[in-house]
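135 is the number of the first residue of the sequence shown in our numbering; add one for each residue after it. For reference, the structure is listed below as structure tokens.
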Amino acid sequence: MTRTGITTGNVARTQSAKTRSFSIGSVQLGGSQFVVMAGPCSIESREQFIRVSQAVKGAGAAVLRGGIFKMRTHAKSFQGLGPAAFEIAREVRSLTGMPLVSEITDPRQVGPLGEVVEMFQVGARNMHNYDLLKELGRSKKPVLIKRGFSALIEEWIAAADYVRNAGNESVALCERGIRTFEKYTRNTLDLSAVAYVKANTDLPVIVDPSHGTGVKNLIKPMSLAAAAAGADGILLEVHDSPDEALSDGAQALTVSDFLDITRDLDRLLPVLGKTLQKANAQSVGFSVPLSTGEHVL
Ligand code: PEP
Ligand code: MN
């Protein structure tokens, strides 16, 4: 038996497991509140991150996302601002009062990145990086493990066990689509894996329909389906000007698209016995104007 409560080599068990809840800053993950994590693919500038963060906060997000170290397929693509974004992250967290999740790409970043994020994201390309997972296990910060492009559910759960076995119990999995023969979507979002992990392990599960589909108008139906499949939250890419985004612009939601999703989630979740986690006391309700791409500073 492993820490995640599953017997390796016997993953077909259907016994229902109780999710182990933990907090990401002030936000509880894995309980009866559904957590929406949102923000740009990458932090591009101070102004861009402030605009998008304030907008998603007003539109129903509880946790911010924003890439600092990027794992891009092409060497010439924007690689993230790196340490130049640390001060921006610090400022935006204090401005919004929201926790931040951001990708860690190297074990040496645990110390410095850990100063400016509440949760480390392990990218799909690093799910099999066991030295990184062990180092994160020695940290106290929550860890979100994206599913590798072609990872079996068993391998994905085993990655979480690396972190837990090294001493860090605050681990959640993120389904972000797997690579199949399909070409009309960027990846194939595997919601059956979400239901499987929820039924058979104690790990909270987040769904990322942005990378999971790569197609803007599929993100809303897959967000609602993720909630219905039992996910504890979703991770969405939002940009105030998607056409100008330095990474993943084609799949970026506008603030108005995002608000449309959180409004429907707010209505659907009670049917599923859950409620939408709001950012904090000051941001109850939706405060963002509906027009597409509107800046709210
Ligand atoms: C991301 O979240 O921006 C990202 C790069 O995700 P993934 O590792 O799932 O490709
Ligand atoms: Mn992205």
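We treat Cβ as the ideally placed atom computed from N, Cα and C, and that holds for glycine. The structure displayed is predicted, hence computed values, not measured ones.
Problem - Leu-380 in three-state terms, based on DSSP - result: coil
Handout entry: alpha helix (DSSP H) runs contained entirely in the stretch 280-329, provided each spans 4 or more residues
Key = 287-299
Handout entry: Where the alpha helix (DSSP H) containing Ile-177 begins and where it ends
Key = That residue, Ile-177, is in no alpha helix (DSSP H); it is neither H nor E in DSSP.
Problem - For Glu-269, the three-state DSSP class (helix, strand or coil) - result: helix
Practice task
Could you round the C-beta distance between Pro-246 and Leu-198 to whole angstroms and report it? I think they count as a contact, below 8 Å.
Solution key: That belief does not hold up - the Cβ atoms of Pro-246 and Leu-198 are roughly 18 Å apart, past 8 Å.
Practice task
Return yes when the C-beta of Gly-257 is under 7 Å from any heavy atom of the ligand PEP, and no when it is not.
Solution key: yes
Handout entry: Sequence-distant residues of its chain with Cβ nearer than 6 Å to Thr-153 (five each side left out)
Key = Gly-164, Asp-336 and Pro-338
Practice task
Check whether the Cβ of Glu-289 lies closer than 7 Å to any heavy atom of the ligand PEP, and answer yes or no.
Solution key: no
Exercise for the section: Give me the Cβ distance between Ala-219 and Ile-177, rounded to the nearest whole Å; I'm assuming they're in contact under 8 Å. Expected result: 4 Å
Handout entry: Residue interval of the alpha helix (DSSP H) (run including Leu-234)
Key = Where Leu-234 is concerned, there is no enclosing alpha helix (DSSP H), although the beta strand (DSSP E) it sits in stretches over 234-238.
Practice task
Assign Leu-286 to one of two classes, buried (16 or more other C-beta atoms within 10 Å of its C-beta) or exposed (fewer than that).
Solution key: exposed
Practice task
Give the secondary structure of Phe-254 by DSSP, where H, G and I count as helix, E and B as strand, and everything else as coil.
Solution key: strand
Problem - First and last residue of the uninterrupted beta strand (DSSP E) at Ile-202 - result: From DSSP, Ile-202 is part of no beta strand (DSSP E); its letter is neither H nor E.
Practice task
Mark Leu-215 as exposed unless 16 or more other C-beta atoms lie within 10 angstroms of its C-beta, in which case mark it buried.
Solution key: buried
Problem - the stretch 327-334 / the stretch 296-305 touching (three or more Cβ pairs under 8 Å) - result: no
Problem - Gly-173: CB within 7 Å of a non-hydrogen atom of the ligand PEP - result: no
Problem - Any non-hydrogen atom of the ligand PEP closer than 7 Å to Asp-324 Cβ - result: no
Handout entry: Cβ distance (whole Å) where Glu-309 is taken to contact Val-341 below 8 Å
Key = 5 Å
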